[in-house]
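S.K.: Before anything else, here's the structure in question.
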């Protein structure tokens, strides 16, 4: 609902400086951000430089792989070997530091900082939120590697002899390690950084916005575009690899169910289906249906796991699960830093397994991190990190352990043909395992359905994020243009087909390992920038705490006469009292300041929004400061319960209203009610001087 503004106010300050918006207190708390319903029509502009450069890189690689498949496959194999032998340690060190960094954020004092203003609260209830984390935790690639991974590590372990008790103990644990905390720590890093800046600073949900405290205004130019290109190219290769692995797996499923000839033709057809679904979602408005399908798939996957657990070797699977988790926890530090530097063949194994998975997680980091940030507004950093590295990881452990140990049971009991099949043709090995359970036809159908749903939803959501990365997003509610989303879906499909032609899954693994390497640089920059932002956050909090500890006459609250103080001590204003105060005192005072700021050349604005909870308009004076955090002074109505000693006039009057002052990080904790026009102006100017002093203290280009 739009609020009303008096004609005299419009004439005084000019409508060019006045912003009147509707405001849902739970979803649009930023002064410069309209609700999602209003921003849908505000399609962001395309960042043509990012779009063209990234498109050329991907299209050139696609044409190379299609026209000269043998040359492309061989060249990437050579480059991958060099990367593994010479800079593989970069991946290992980066992931290790990322794990330590997110744990430090969660366990330190800054963990209580919210992804949003201090008064913001989560949009989703805990169960719904965790369920969405679970939804992001399982992909079709995990089904692919859940069987071939453990069998390969048992038959050909990275160290020691194969087919031994020691190899069996570590076989499933290695795959759990590759799908464990390390990858989700990367998602948590990028997700909490983007969410913090978007919902607390009011920036777009993007990597370049996260780097503003570190790089300043340079993120708006060529350097920022280069960061977006690296992010976009890495995401495209990561999604293309997942889709390629998916079609290789689904190819066998469709062949078994519909008796179709498996091979490249069927795989290409599945890629085309993903593109058509994305086009349909853009043109026919079925996005909500796709989200519903994604949630449904969690239950389908859960049913698949439960069926295998109940009809399979239940006792063995549960015993193995407990042992696997224990061994994973005990050996995690050593595995995280393991490079096999003293093993002559160590770099080859690392390239095919640990380094590939770390590259895969890094490539998907911006994509999944953005999704996690979008659903986590209002959460504390501590809540976000702990949930991100526990709930989805436990989900991954269940999938890997149940499938992996079911496969291991067969091999440990002498099924060598199955072991060979799982290593030589992982997709056939996975379906071969399903065929060993009662009701094999049903199970194969259920498994194919689950894989297909994962595949289609990943393709659709991936295209959406790619369109965002190549657009000039201005707030956290925007998405890229629909035509751009279709373009990236088509280009990703062409890249997937090209890698299938060049060499299949192996080529995809090599490409991911190569093109995700620059993303490691971004991870380090994000940690440095976020650390700087958290230091500013701590300094601002400490300053606020000192002001609150000082006397009532300090700079924390506007000075009042003793009569005003006495009158306000046991005053509990009604809603009508507050509305009258806001319209007769706060609004004119801020309008007068706006007029003066404008005369002095400042591009100030006065945003007026109606709170859907209280129905009372809030007033926000915004003064931009080039290359720094803008100054915000917002006065908002806050309901509070009348204390028992309050002497309520009417029985039904259980609440009173406060005119609280807010900045970007939340409420300043004091009430303006009872002040006169000049006192409100003095309070704003005091806050403005304090903000400039804060910016001077932290240095240029950092806030």
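Numbering (UniProt numbering), first residue to last: 1 to 703.
Ideal Cβ positions, reconstructed from N, Cα and C, are used throughout, including at glycine.
Keep in mind it's a predicted model, so treat the numbers as computed, not measured.
According to DSSP, is residue 108 part of a helix, a strand, or is it coil?
M.R.: Coil, per DSSP.
S.K.: When you compare each of 624, 522, 365 to residue 224 by their alpha carbons, which one comes out closest?
M.R.: Residue 522 is the option with its Cα nearest to residue 224.
S.K.: Where does residue 380 sit, in a helix, a strand or coil, going by DSSP?
M.R.: Residue 380: strand per DSSP, three-state reduction.
S.K.: How long is the line joining the alpha carbons of residue 33 and residue 98, rounded to whole angstroms?
M.R.: Note on residue 33: pLDDT 40, under 50, position unreliable in the model; no value is reported.
S.K.: Quick check on the burial criterion: 16 or more other C-beta atoms within 10 angstroms. Buried or exposed for residue 148?
M.R.: Classification of residue 148: buried, given that the 10 Å Cβ count is 16 or more.
S.K.: Using 9 Å as the threshold, is the C-beta distance between residue 526 and residue 190 below it?
M.R.: A contact, by the Cβ cut-off of 9 Å.
S.K.: Return the Cβ separation of residue 493 and residue 271 in integer angstroms, given the expectation that the two are a contact with Cβ distance under 8 Å.
M.R.: Indeed, because the Cβ distance is near 5 Å, the residues count as touching under 8 Å.
S.K.: Under the three-state reduction of DSSP, which class applies to residue 121: helix, strand or coil?
M.R.: In this structure, residue 121 counts as coil in the three-state DSSP scheme.
S.K.: Between 279, 92, 391, which has its C-alpha nearest residue 357's C-alpha?
M.R.: Minimum Cα distance to residue 357 is reached at 92.
S.K.: Which residues in the same chain as residue 275 place their Cβ atom closer than 7 Å to its Cβ, once the five residues preceding and following it in sequence are excluded?
M.R.: So the qualifying residues of the chain are 489, 490, 493.
S.K.: Give every residue of the same chain whose Cβ lies closer than 7 Å to the Cβ of residue 166, excluding the five residues on either side of it in the sequence, and list them in chain order.
M.R.: Taken in chain order, the residues that qualify are 160.
S.K.: Following the continuous alpha helix (DSSP H) through residue 374, name the residue where it begins and the one where it ends.
M.R.: Counting along the chain, the alpha helix (DSSP H) containing residue 374 begins and ends at 354–374.
S.K.: With distances taken between CB atoms, is the gap from residue 198 to residue 408 smaller than 9 Å?
M.R.: Against a cut-off of 9 Å, the Cβ pair of residue 408 and residue 198 comes out as no contact.
S.K.: Rounded to whole angstroms, how far is the Cβ of residue 201 from the Cβ of residue 629, which I believe are closer than 8 Å?
M.R.: Indeed they touch by this definition, with Cβ atoms about 7 Å apart.
S.K.: Are residue 448 and residue 298 close, meaning C-beta to C-beta below 9 Å?
M.R.: No, they are not a contact pair.
S.K.: Looking only at its own chain, which residues have a Cβ that is under 8 Å from the Cβ of residue 304, when we skip the five neighbours before and after it?
M.R.: Counting only Cβ-Cβ distances below 8 Å, and skipping sequence neighbours, we find 443, 446, 447, 450.
S.K.: Taking the alpha helix (DSSP H) that residue 189 falls in, what are its first and last residues?
M.R.: Residues 181–200.
S.K.: Reducing DSSP to helix, strand and coil, say where residue 91 ends up.
M.R.: In the structure shown, residue 91 sits in a helix (DSSP, three-state: H, G or I).
S.K.: Check for me: the beta strand (DSSP E) holding residue 633 runs from which residue to which?
M.R.: From DSSP, the beta strand (DSSP E) with residue 633 extends over 631–641.
S.K.: Quick one: is residue 431 buried, meaning 16 or more other Cβ sit within 10 Å of its Cβ, or exposed?
M.R.: Buried.
S.K.: Touch check for the region 206–215 and the region 398–415: three-plus C-beta pairs under 8 Å?
M.R.: No, the region 206–215 does not touch the region 398–415.
S.K.: Jot down the residue ranges of each uninterrupted alpha helix (DSSP H) in the region 62–89, minimum 4 residues, whole runs only, in chain order.
M.R.: Counting whole runs of 4 or more residues, the region 62–89 contains the alpha helix (DSSP H) stretches 69–86.
S.K.: Take every Cβ of the region 371–389, pair it with every Cβ of the region 243–259, and state whether three or more of those distances are shorter than 8 Å.
M.R.: Short answer: they don't touch.
S.K.: Within the continuous alpha helix (DSSP H) that includes residue 343, where are the two ends?
M.R.: No alpha helix (DSSP H) holds residue 343; DSSP gives it neither H nor E.
S.K.: Could you check the C-alpha separation between residue 183 and residue 462 for me, to the nearest Å?
M.R.: So the alpha carbons of these two residues sit roughly 18 Å apart.
S.K.: Near residue 364, what residues of its chain come up, given a Cβ to Cβ distance below 6 Å and the 5 sequence neighbours on each side ignored?
M.R.: Counting only Cβ-Cβ distances below 6 Å, and skipping sequence neighbours, we find 238.
S.K.: Where in the region 382–436 do unbroken runs of the alpha helix (DSSP H), each at least 4 residues long, occur, reported from the N-terminal end onward?
M.R.: Fully enclosed alpha helix (DSSP H) runs of 4 or longer: 391–412, 416–424, 426–434.
S.K.: Do you know offhand how far residue 21's Cα is from residue 617's?
M.R.: Reliability of the predicted coordinates at residue 21 is poor, the pLDDT of 45 falling under 50, and no value is obtained from them.
S.K.: Which one of 393, 614, 540, 674 has the shortest CA to CA distance from residue 695?
M.R.: Per the Cα distances, 540.
S.K.: From the DSSP secondary-structure annotation, give me the bridge partner or partners of residue 663.
M.R.: According to DSSP, residue 663 bridges with 666.
S.K.: Along the chain, where does the beta strand (DSSP E) that runs through residue 255 open and close?
M.R.: Premise fails: residue 255 lies in the alpha helix (DSSP H), 222–258, not in any beta strand (DSSP E).
S.K.: Would residue 487 be called buried (16 or more neighbouring beta carbons within 10 Å of its own) or exposed?
M.R.: Buried.
S.K.: Determine the burial state of residue 310: buried for a count of at least 16 other Cβ atoms within 10 Å of its Cβ, exposed for fewer.
M.R.: Residue 310 is exposed by the Cβ-count criterion.
S.K.: Helix, strand or coil for residue 587? Go by DSSP, reduced to three states.
M.R.: If DSSP states are grouped into helix, strand and coil, residue 587 belongs with the helices.
S.K.: Give me, in chain order, the residues of the same chain whose beta-carbon lies closer than 7 Å to that of residue 179; leave out the 5 immediate sequence neighbours on both sides.
M.R.: Within the same chain, residue 179 has close Cβ partners 142, 396, 400.
S.K.: Looking at the strands, I want to know which residues DSSP matches up with residue 707.
M.R.: It is not possible to answer for residue 707, since the shown part of the chain is limited to 1 through 703.
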